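Residue numbers (UniProt numbering), protein chains in the order written: chain A, 1 to 544; chain B, 1 to 544.
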Ligand SMILES: Cc1cc2nc3c(=O)[nH]c(=O)nc-3n(C[C@H](O)[C@H](O)[C@H](O)COP(=O)(O)OP(=O)(O)OC[C@H]3O[C@@H](n4cnc5c(N)ncnc54)[C@H](O)[C@@H]3O)c2cc1C
Ligand SMILES: Cc1cc2nc3c(=O)[nH]c(=O)nc-3n(C[C@H](O)[C@H](O)[C@H](O)COP(=O)(O)OP(=O)(O)OC[C@H]3O[C@@H](n4cnc5c(N)ncnc54)[C@H](O)[C@@H]3O)c2cc1C
Ligand SMILES: CC(C)(COP(=O)(O)OP(=O)(O)OC[C@H]1O[C@@H](n2cnc3c(N)ncnc32)[C@H](O)[C@@H]1OP(=O)(O)O)[C@@H](O)C(=O)NCCC(=O)NCCS
Ligand SMILES: CC(C)(COP(=O)(O)OP(=O)(O)OC[C@H]1O[C@@H](n2cnc3c(N)ncnc32)[C@H](O)[C@@H]1OP(=O)(O)O)[C@@H](O)C(=O)NCCC(=O)NCCS
């Protein structure tokens with residue numbers, strides 16, 4: 001029953017989204033291709049549509065989760081209500097843009113009744129009451145994955161949480177032993193194929209599952225100290241697996257997997273962030289070397305890293321745009337602290353300074369300037385053959401980063417939810433526990449539904465990515481989960497009243513940490529307007 | 001036309017809110033009085049209703065503003081669309097709770113057409129384009145107030161902004177010369193009646209206007225360094241004007257107005273924040289003194305302050321609840337820094353330590369413990385006669401604090417909006433200015449509409465308060481503006497991409513500063529559920 005109600009909502013929402021996608025695809029195509037210029041003429045719609053489609057996709061995954069038990073079904077229904085309410089708010093007054101008038105499912109009594117059931121405050125309050133008793137939502141993991149999860153949860157609980165506040169409040173380095181122990185636990189090779197020293201089967205649905213599970217647990221401990229350590233090796237190893245020469249794979253992958261080599265990603269530049277194809281840093285061939293000049297920025301962990309994944313322009317003809325870019329591995333020593341400089345043994349130098357940020361502290365994000373810095377030609381990822389193909393390798397690799405970022409968001413949300421539920425149970429306001437009030441319960445119930453959806457969708461996206469597809473889904477789950485994390489951490493903080501604003505309470509850190517998630521790894525708007533909607537529209541066009 | 005369309009929307013929304021208020025009043029009353037226990041049974045509805053009613057009230061004020069010109073009318077229409085979309089989202093699927101089915105205005109074609117016009121993305125995009133060219137929205141101030149505004153804007157621009165980042169990032173003290181100069185400019189006596197050395201006429205519609213205007217400008221410079229300096233003298237002087245003895249007025253008001261005495265407010269305790277009536281700190285009569293014991297917390301500016309407004313329990317019988325509380329003025333020396341202690345010349349001590357916070361830095365908020373601390377009986381506000389009346393004086397005084405906080409929110413929003421508009425004009429993404437994209441423009445247009453509404457509503461609330469009413473409106477505008485400031489600063493930050501997360505960009509500070517606004521001066525939920533809805537429901541009941 002509960003699940004049928006959820007199904008009614010989800011399928012009505014699916015129709016709405018598909019209808020609007022078809023409408024926009026028709027008006028934004030030229031010669032059978034989607035034209036981004038035409039899409040940009042209706043940016044608000046395109047953005048809303050991509051965002052709504054991501055939530056519908058999440059809700060669809062929840063329908064499977066909902067079959068596993070009563071609580072799961074109620075979480076699914078509650079999430080369907082969240083999703084549909086969000087969709088209704090986007091639509092309101094803009095039904096024509098969405099081509100909605102004819103949609104029988106959405107306008108019918110069936111949907112209305114189901115939606116009422118999903119939005120019922122009694123449902124949400126009961127859910128809130130139930131989930132805050134345990135705060136651990138029913139898991140959909142198999143036994144093996146549950147064990148992995150348990151191991152990393154323990155580590156996060158005992159080791160990561162112990163240093164999280166110190167690192168955050170002092171903008172300190174991550175303690176070396178955290179990194180060493182995580183390396184011993186295999187944390188850096190979770191989606192590197194076994195043949196290259198990692199733990200993944202290679203081209204299997206399971207390849208990214210443990211990465212997602214582990215990331216979530218570590219991020220629950222701290223986004224800055226642990227949960228994000230995995231992002232960079234994920235991105236670099238994906239590019240190496242996909243595009244590196246055999247020799248490069250041999251040389252770097254096992255060492256990355258073993259946590260012997262730390263990684264950084266140097267794509268963004270001061271003038272180019274979302275628009276990767278526009279970057280200016282040059283790497284010009286000179287003898288057996290490439291000579292790099294220019295400034296990269298926001299290179300997280302760039303100090304500690306031994307390997308920087310550097311995207312640079314090897315073809316000085318800027319009209320080649322993304323086709324003039326190549327990918328490099330820059331080898332360097334590991335440096336602690338907030339600034340460093342290094343001279344290449346081959347000549348030239350890098351100079352780097354960390355950018356102070358609101359949160360996401362510990363790894364430090366560096367602006368790095370390259371001055372005639374020399375890299376051996378052997379460090380072009382994929383060798384000569386892949387010159388000019390750097391952009392494609394980079395994009396492909398970002399999918400891993402995005403999926404991983406969704407899992408980071410889930411971890412931060414889970415931590416905030418637990419803190420809020422615990423605090424609400426203990427704090428008395430006007431003589432009774434805060435958790436006994438309907439509004440508090442509704443908030444906790446909604447948080448739980450959103451977290452379950454984020455987690456479920458990230459598992460599904462991991463499977464798709466493992467099977468070789470799922471690029472769009474990785475962006476969808478990233479966009480959805482990261483925005484959701486802003487809301488969940490905000491409400492968790494609000495539940496703490498004044499104490500939520502105190503740095504001594506972890507929830508204040510969750511809030512500022514969560515804020516970065518919708519900015520990096522593809523800013524929210526860019527994923528919506530340049531990745532998700534494009535694929536949705538092109539698929540609609542291709543389907544006829 | 002534009003304005004008529006806005007009117008149609010606002011009056012339909014008014015009907016919806018009034019209808020739901022009537023419905024809830026009927027089910028939450030007992031013996032002709034509203035029972036908060038019964039309201040609490042429908043907290044989500046009560047919260048949504050109070051929040052929606054606050055926005056409807058803001059939109060109603062915008063209708064006057066909209067008459068002043070074409071741009072004003074379009075801002076009004078855009079805000080009406082915002083308000084109605086927010087209302088629609090709260091209602092969705094919960095129409096029965098809201099007793100909505102019979103509402104002809106909301107369900108009719110007239111509203112639907114008007115709502116479509118208000119939600120039209122072309123309207124919002126054009127608005128965004130237009131407002132980002134100047135970023136100064138058309139003002140509704142008279143010449144005198146415009147001059148006041150200009151003076152403080154200059155001060156904020158040259159003096160406050162110059163130190164804002166330093167103070168924030170170092171959690172430093174506010175430089176003394178900022179305070180001295182503001183004192184010379186009359187900043188601390190803006191709503192103290194002339195007869196007591198201030199600038200207000202007393203019981204006039206204009207009494208709070210300059211306070212609101214000045215607060216906004218200073219907060220535009222920095223919430224922590226300048227915009228919040230006015231809050232505490234506002235609260236204390238309101239209580240003294242309303243309840244102090246003639247001698248007390250003489251003694252303190254002129255010195256407060258002249259900025260010779262800085263003020264702090266010590267109401268909140270570790271276990272009691274929203275529930276003021278529950279506080280535990282005791283002040284027990286002993287000879288000519290009161291002896292204070294217990295812990296106050298979050299006493300902002302408590303170090304620098306010469307006067308602490310202390311609410312304490314003078315009647316040890318806790319069953320008297322709020323009727324056992326009295327208000328004191330504690331005189332103390334001014335201390336710089338993050339901790340201090342002081343022995344009363346009459347005996348006993350205070351010890352204080354600042355609580356590190358995410359933002360709102362400069363004034364420092366202290367936990368203060370009182371140990372047998374003696375205050376002369378002459379410092380009971382209102383003297384013997386007002387013993388046990390402290391709660392009422394405090395509540396009455398909070399109205400000033402809330403109105404002032406709304407103006408703080410407007411100032412922070414205005415600063416964030418300007419930063420975002422400027423940045424979007426300069427930053428190029430995918431080859432064109434960020435400001436040329438529809439989504440960016442829509443965001444900027446919405447920000448402007450929200451800011452105009454917040455400002456307009458705060459002016460109106462100032463008039464009401466000056467005229468002796470407007471307690472509920474002060475809470476409404478506070479609740480609405482503070483939540484709005486969270487959204488505006490968030491979007492302004494997002495427009496900055498990665499740089500928004502960097503502490504070197506002021507927008508990152510606006511974001512963390514804004515976050516405190518919905519927590520203090522009456523947490524958002526508490527204003528909705530304990531002040532606004534109560535008054536709305538009781539009025540409905542009284543009206544029959
Ligand atoms: C803490 C932190 C760590 C980071 N770590 C790394 C790292 O390790 N390696 C690395 O390479 N980079 C890193 N980044 C950079 C990050 O990936 C970029 O900040 C991000 O891609 C956005 O780019 P930008 O900052 O240049 O913003 P811009 O591209 O300038 O975008 C500004 C705003 O405009 C919006 N926008 C962009 N295009 C459009 C459009 N067409 N229409 C409408 N709106 C649009 C964006 O969504 C954003 O809101 C990091 C950033 C941060 C803050
Ligand atoms: C930076 C800062 C400066 C401050 N400055 C001062 C100052 O100068 N002087 C001073 O006296 N105080 C000050 N405060 C304290 C502030 O006023 C309180 O934090 C605020 O009133 C909330 O109280 P609380 O923190 O105890 O939260 P609680 O009262 O414990 O509330 C916790 C949460 O529960 C919600 N809630 C409360 N009641 C209900 C209910 N019935 N139903 C549902 N939800 C409910 C609240 O909205 C909040 O979200 C300051 C606070 C901060 C953070
Ligand atoms: C916006 C963005 C998706 C690319 O947009 P764009 O410049 O319009 O590029 P296009 O989508 O036109 O793609 C250019 C080419 O790359 C290919 N491509 C796009 N996405 C790809 C992917 N995921 N995998 C492989 N190839 C891809 C396209 O097929 C196209 O190929 P073609 O030119 O040979 O036909 C990309 O710049 C991006 O992801 N930006 C965000 C940056 C980011 O995440 N940074 C995080 C750093 S931590
Ligand atoms: C929640 C809150 C409004 C009071 O709720 P409460 O304890 O339920 O109190 P009540 O509303 O029942 O009011 C108790 C009495 O005070 C009176 N009162 C309430 N608001 C008043 C006001 N604004 N002015 C004067 N008297 C007021 C009531 O009429 C009632 O009088 P009675 O007992 O003589 O009949 C109050 O505690 C509050 O404002 N909390 C937020 C605290 C805050 O803003 N802190 C900021 C510190 S910076």
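We put the beta carbon where it would ideally sit given N, CA and C, even for glycine.
Computed from a prediction, not measured in an experiment: that's the story for all the values here.
(1) Counting only runs of 3+ residues fully inside the stretch 175-237 of chain B, write out the beta strand (DSSP E) ranges in chain order.
(2) Given a limit of 9 Å on CB to CB distance, which residues of the stretch 116-139 of chain A reach chain B?
(3) Taking the C-alpha atoms as reference points, what is the distance between residue 390 of chain A and residue 431 of chain B?
(4) Is the beta carbon of residue 291 of chain B sitting closer than 8 Å to the one on residue 369 of chain B?
(5) With 16 as the cutoff for other CB atoms within 10 Å, does residue 41 of chain A come out buried or exposed?
(6) Under 8 Å, Cβ to Cβ, is there at least one residue of chain A near residue 232 of chain B?
(7) Return the first residue and the last residue of the beta strand (DSSP E) that residue 294 of chain B is part of.
(8) Taking the CB atoms as reference points, tell me whether residue 256 of chain A and residue 366 of chain A lie closer together than 8 Å.
(9) Does chain B have any CB closer than 8 Å to the CB of residue 298 of chain A?
(10) Which of helix, strand or coil does DSSP assign to residue 328 of chain B?
(11) State yes or no: is the beta carbon of residue 245 of chain B nearer than 8 Å to at least one beta carbon in chain A?
(12) Only counting the same chain, and skipping five residues up and downstream in sequence, which positions put a Cβ closer than 7 Å to that of residue 205 of chain A?
(13) Can at least three beta-carbon pairs, one atom from the stretch 292-311 of chain A and one from the stretch 405-420 of chain A, be found at a separation below 8 Å?
(14) Counting C-beta neighbours from all protein chains within 10 Å, is the total for residue 433 of chain B 16 or more, i.e. buried, or is it exposed?
(15) Determine the extent of the alpha helix (DSSP H) in which residue 380 of chain A is found, giving its start and end residues.
(16) Could you check the C-alpha separation between residue 452 of chain B and residue 137 of chain B for me, to the nearest Å?
(17) Going by DSSP in three states, residue 426 of chain B sits in which element: helix, strand or coil?
(18) Compute every distance between the C-beta of residue 509 of chain A and the non-hydrogen atoms of ligand 2, then say whether any falls below 7 Å.
(19) So residue 285 of chain A is in the beta strand (DSSP E); what residue range does that whole segment cover?
(20) Please report the Cβ distance between residue 59 of chain A and residue 13 of chain A, rounded to the nearest whole angstrom; I am assuming they are in contact, meaning their Cβ atoms lie under 8 Å.
(21) Return yes when the Cβ of residue 39 of chain A is within less than 8 Å of the Cβ of residue 533 of chain A, no when it is not.
(22) Buried or exposed for residue 238 of chain B, please, with buried defined as at least 16 other CB atoms from any protein chain shown within 10 angstroms of its CB.
(23) Determine whether the beta carbon atoms of residue 225 of chain B and residue 160 of chain B lie at a separation below 8 Å.
(24) Looking only at DSSP bridge pairs, what is residue 307 of chain A linked to?
(25) Hey, would you say the C-beta of residue 268 of chain B is under 7 Å away from at least one heavy atom of ligand 4?
(26) Going straight from the alpha carbon of residue 48 of chain A to that of residue 342 of chain A, what length do you get?
(27) Please compile the residues from chain B whose C-beta is within a distance smaller than 7 Å of the C-beta of residue 358 of chain A.
(28) Cβ atoms of residue 346 of chain A and residue 374 of chain A: under 8 Å apart, would you say?
(29) Taking just the CA atoms, how far does residue 20 of chain A sit from residue 556 of chain A?
(30) Going by DSSP, which residues form a beta bridge with residue 433 of chain B?
(31) Ignoring anything shorter than 3 residues or poking outside the stretch 375-421 of chain A, list the beta strand (DSSP E) runs there in chain order.
(32) Using the rule of at least 16 other Cβ atoms within 10 Å of the residue's Cβ for burial, across every protein chain shown, is residue 469 of chain A buried or exposed?
(33) Are the beta-carbon atoms belonging to residue 78 of chain A and residue 490 of chain A less than 8 Å from one another?
(34) Apart from the five residues on each side of it in sequence, which residues of its chain come closer than 6 Å, Cβ to Cβ, to residue 100 of chain A?
(35) Determine the burial state of residue 493 of chain A: buried for a count of at least 16 other Cβ atoms within 10 Å of its Cβ, exposed for fewer.
(36) Tell me the DSSP secondary structure of residue 485 of chain A in three-state form.
So, from the listed chains and residues:
(1) none
(2) 116, 117, 118, 119, 120, 121, 124, 125
(3) Distance between the alpha carbons of residue 390 of chain A and residue 431 of chain B is about 21 Å.
(4) Going by C-beta atoms, residue 291 of chain B is not nearer than 8 Å to residue 369 of chain B.
(5) exposed
(6) no
(7) 289-300
(8) no
(9) yes
(10) DSSP places residue 328 of chain B in the strand class (E or B) of the three-state scheme.
(11) no
(12) Here the set comprises 463, 466, 467.
(13) no
(14) exposed
(15) Residue 380 of chain A: not part of any alpha helix (DSSP H); DSSP gives it neither H nor E.
(16) 7 Å
(17) Helix at residue 426 of chain B.
(18) no
(19) In the DSSP annotation of this structure, the continuous segment of the beta strand (DSSP E) that includes residue 285 of chain A starts and ends at 282-286.
(20) 7 Å
(21) yes
(22) Residue 238 of chain B counts as buried, since at least 16 other C-beta atoms from the protein chains shown sit within 10 angstroms of its C-beta.
(23) yes
(24) A/263, A/331
(25) yes
(26) Cα to Cα, the separation comes out at about 46 Å.
(27) 501, 503, 508, 512
(28) Yes; because the gap between Cβ atoms is below 8 Å, this pair is in contact.
(29) As displayed, chain A neither begins before 1 nor continues past 544, which places residue 556 of chain A out of reach and without an answer.
(30) B/428
(31) none
(32) Exposed, because fewer than 16 other Cβ atoms sit within 10 Å of the Cβ of residue 469 of chain A.
(33) no
(34) none
(35) buried
(36) Looking at residue 485 of chain A - three-state DSSP - the assignment turns out to be helix.
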